[in-house]
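Data first, discussion second: the structure below is written as structure tokens.
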Amino acid sequence: MENQKLADHESLDLHEIINFKTLCLAKSKLMQGLVFDHDLRALMQKDVEQSMQALGELQAVYKRAPFEAPVPQNRPTPILN
Amino acid sequence: MNLIIEALTGMDALSDQVVAMDLLISAKSGIRNYAMAVTESGTPEIKEMLTRHLEEALDLHEQISAYMVEKGWYHAWDTNEQIRLDLNNINTALNLPIL
Amino acid sequence: MNHDYLDPINSLHMPELADTTFAMDLLLRAKEGVRNIAVALTESASPDVRNLLRNQLMQGIAMHQEIKELMINKKWFHPYELSEQYKLDQLSANNTLMIGKMNLFPVDTNRKGMFDRTPDDH
Amino acid sequence: MNYALHEVLEVHELAAFKTNCLTKSKTMKALVSDQLLKDIMQQDIDVSTRQLQEYASILSNAKQ
Numbered sequence: 001m002e003n004q005k006l007a008d009h010e011s012l013d014l015h016e017i018i019n020f021k022t023l024c025l026a027k028s029k030l031m032q033g034l035v036f037d038h039d040l041r042a043l044m045q046k047d048v049e050q051s052m053q054a055l056g057e058l059q060a061v062y063k064r065a066p067f068e069a070p071v072p073q074n075r076p077t078p079i080l081n
Numbered sequence: 001m002n003l004i005i006e007a008l009t010g011m012d013a014l015s016d017q018v019v020a021m022d023l024l025i026s027a028k029s030g031i032r033n034y035a036m037a038v039t040e041s042g043t044p045e046i047k048e049m050l051t052r053h054l055e056e057a058l059d060l061h062e063q064i065s066a067y068m069v070e071k072g073w074y075h076a077w078d079t080n081e082q083i084r085l086d087l088n089n090i091n092t093a094l095n096l097p098i099l
Numbered sequence: 001m002n003h004d005y006l007d008p009i010n011s012l013h014m015p016e017l018a019d020t021t022f023a024m025d026l027l028l029r030a031k032e033g034v035r036n037i038a039v040a041l042t043e044s045a046s047p048d049v050r051n052l053l054r055n056q057l058m059q060g061i062a063m064h065q066e067i068k069e070l071m072i073n074k075k076w077f078h079p080y081e082l083s084e085q086y087k088l089d090q091l092s093a094n095n096t097l098m099i100g101k102m103n104l105f106p107v108d109t110n111r112k113g114m115f116d117r118t119p120d121d122h
Numbered sequence: 001m002n003y004a005l006h007e008v009l010e011v012h013e014l015a016a017f018k019t020n021c022l023t024k025s026k027t028m029k030a031l032v033s034d035q036l037l038k039d040i041m042q043q044d045i046d047v048s049t050r051q052l053q054e055y056a057s058i059l060s061n062a063k064q
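Chain order of the listed sequences is B, A, Z and G.
Here this note's numbering is used: the first residue of the first sequence is 1, the next is one more, and so on.
Here this note's numbering is used: the first residue of the second sequence is 1, the next is one more, and so on.
Here this note's numbering is used: the first residue of the third sequence is 1, the next is one more, and so on.
Here this note's numbering is used: the first residue of the fourth sequence is 1, the next is one more, and so on.
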């Protein structure tokens, strides 16, 4: 079961969730530099830690998507003028 | 199903599948509705109740989709097979006589 | 209110304003996350994926609750006094509209040329 | 009223949805021949009945 491929539709939903979680993590991480209130900052840090854990778990499952492919070191084409 | 209606509609073989599909769709929209409601509620009593109902809806969805997979009415891992089945069902629905 | 972002008058109560915005953003993201995971759950078939998502769903609901309680404690959010909430809504909308009218980034922001090679290449 | 307005509205929506589901499950169970499906539906009827009773009590609490 652990290594079984995922169904098409669940892979697509994982794609949505992983992108959403990635954005959330980036935002919570960066916004910590902008907040004033200590409690809010602590809660954001908690969210960062939970999100990192969750994102790692999602990535591990996403490896079983039917469209899985080797991941390169960088984006293939740099966006230049 | 009532024998006369079965004979009239030709739905004798399909009826359980239609009912199961209806239940699956209800369970799905139930989960979505509950997720909306949970994030709108603040009173602990209501939040606790809705979270419990959300879990019950997830259980129902799990049960009915496993049942449909087992019956061969739902092909989660084989999109082509699912499409073939969908087209079949569409045709059956289109060809139902209007009573 | 004026359109000059360097005018010190605009920094009055800034920490409060900024934090309410960030907290509201965090709350909306938590809410959106719960809904997204619930939708994904209705589409997932593999038992271990379902388990993972279900745990994350419950964690998301707890996080949403925690953020909401923080915001209520700090008086940034008033779900039970709708007129209080109304005042906050209008105030932050007005404030953000004012920021929207400011020319915050007057210089060219195209910094692309700085990222096309590693430092060693220079 | 001891609840926030928006949560009462949510519960109202859910109650309408669940009422519909319960009515459908109760009537459609009669059309089903497979025993396993019948069992699942009976379970859904039981759970929905309890849930609806909970909504009814919240809604009557919320009524001013």
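Don't be surprised by glycine CBs; every beta carbon is placed ideally from N, CA and C.
Keep in mind that this is a model prediction, so the values were computed, not measured.
Neighbour list for residue i in chain G, Cβ cutoff strictly below 9 Å
| i | result |
| --- | --- |
| Z:P79 | A4, L5, H6 and E7 |
| A:E55 | Within chain G, no residue comes near A:E55; the closest Cβ sits about 11 Å away, beyond 9 Å. |
Buried versus exposed call for residue i [16 or more other C-beta atoms within 10 Å across all chains shown]
| i | result |
| --- | --- |
| Z:M14 | exposed |
| G:S33 | exposed |
| Z:L127 | Since the first residue shown for chain Z is 1 and the last is 122, residue 127 of chain Z is missing from the structure and cannot be characterised. |
| Z:V107 | exposed |
| B:M1 | Unreliable positioning characterises B:M1 in this predicted model, as indicated by a pLDDT of 49, which lies under 50. A coordinate reading is not provided. |
| B:V71 | exposed |
| A:Y100 | In the structure as shown, chain A begins at 1 and stops at 99. Residue 100 of chain A is therefore absent and cannot be evaluated. |
| Z:N94 | exposed |
| G:M41 | buried |
| B:Q50 | buried |
| Z:Y86 | exposed |
| A:Q17 | buried |
| A:A27 | buried |
| Z:P79 | buried |
C-beta neighbour in chain B for residue i, strict 8 Å
| i | result |
| --- | --- |
| A:A35 | no |
| A:T79 | yes |
| Z:V107 | no |
| Z:R35 | no |
Beta-carbon neighbours of residue i, restricted to chain Z and to distances below 8 Å
| i | result |
| --- | --- |
| A:A76 | A45 |
| B:A30 | Here residue 30 of chain B turns out to be Leu, not Ala, going by the sequence shown. Ordered by position in chain Z, no residue passes the 8 Å Cβ test against B:L30, which lies about 10 Å from the chain. |
Among the options, the one whose alpha carbon lies nearest that of residue i
| i | options | result |
| --- | --- | --- |
| Z:D25 | Z:M102, Z:N110 and Z:M71 | Z:M71 |
| A:S41 | G:E7, G:Y3 and G:N2 | G:E7 |
| Z:V34 | B:R41, B:I17 and B:M44 | B:I17 |
| A:T51 | A:R32, A:L87, A:W77 and A:L24 | A:R32 |
| G:E10 | A:L60, A:A35 and A:Q17 | A:A35 |
| A:E62 | Z:G60, Z:A62 and Z:D48 | Z:D48 |
| B:L34 | Z:R29, Z:T20 and Z:E43 | Z:T20 |
| Z:K68 | Z:L17, Z:L28 and Z:S44 | Z:L28 |
| B:A42 | Z:E66, Z:S44 and Z:I37 | Z:E66 |
Test: residue i CB closer than 8 Å to a CB of chain Z
| i | result |
| --- | --- |
| B:E10 | yes |
| B:Q83 | With chain B running from 1 to 81 in the structure shown, residue 83 of chain B is simply not present. |
| B:I18 | no |
| B:Q50 | yes |
| B:E57 | yes |
| B:A7 | yes |
Cβ of residue i within 8 Å of any chain A Cβ
| i | result |
| --- | --- |
| B:A65 | no |
| B:H54 | The sequence given here places Ala at residue 54 of chain B; His does not occur at that position. By this cut-off, B:A54 is not an interface position. |
Residue i at chain G interface by Cβ criterion, 8 Å
| i | result |
| --- | --- |
| A:M21 | no |
| Z:L125 | No answer is possible for residue 125 of chain Z: it lies beyond the span of chain Z, which begins at 1 and ends at 122. |
| A:H61 | no |
| A:S65 | no |
| A:I46 | yes |
Proximal chain G residues relative to residue i, where beta-carbon distance stays under 8 Å
| i | result |
| --- | --- |
| Z:L53 | Chain G residues near Z:L53: none, gap ~21 Å exceeds 8 Å. |
Proximal residues of chain Z, C-beta to C-beta of residue i below 7 Å
| i | result |
| --- | --- |
| A:G72 | What A:G72 touches in chain Z: nothing, since even the nearest Cβ is about 14 Å away. |
| A:T142 | This structure leaves residue 142 of chain A out entirely; chain A is present only between 1 and 99. |
| B:L25 | In chain order: nothing, as chain Z lies at least about 10 Å away. |
Cross-chain neighbours of residue i in chain G, by beta carbon under 7 Å
| i | result |
| --- | --- |
| A:S41 | E7 and E10 |
request  = Kindly provide the ranges of any alpha helix (DSSP H) runs that are 4 or more residues long and lie completely inside the region 18 to 92 of chain Z, ordered along the chain.
outcome  = Complete alpha helix (DSSP H) runs here, min 4: 47 to 73.
task = With a floor of 3 residues, list each beta strand (DSSP E) that falls wholly inside the region 51 to 80 of chain A, ordered by position along the chain.
result = Taking only runs of at least 3 residues, no beta strand (DSSP E) segment lies wholly in the region 51 to 80 of chain A.
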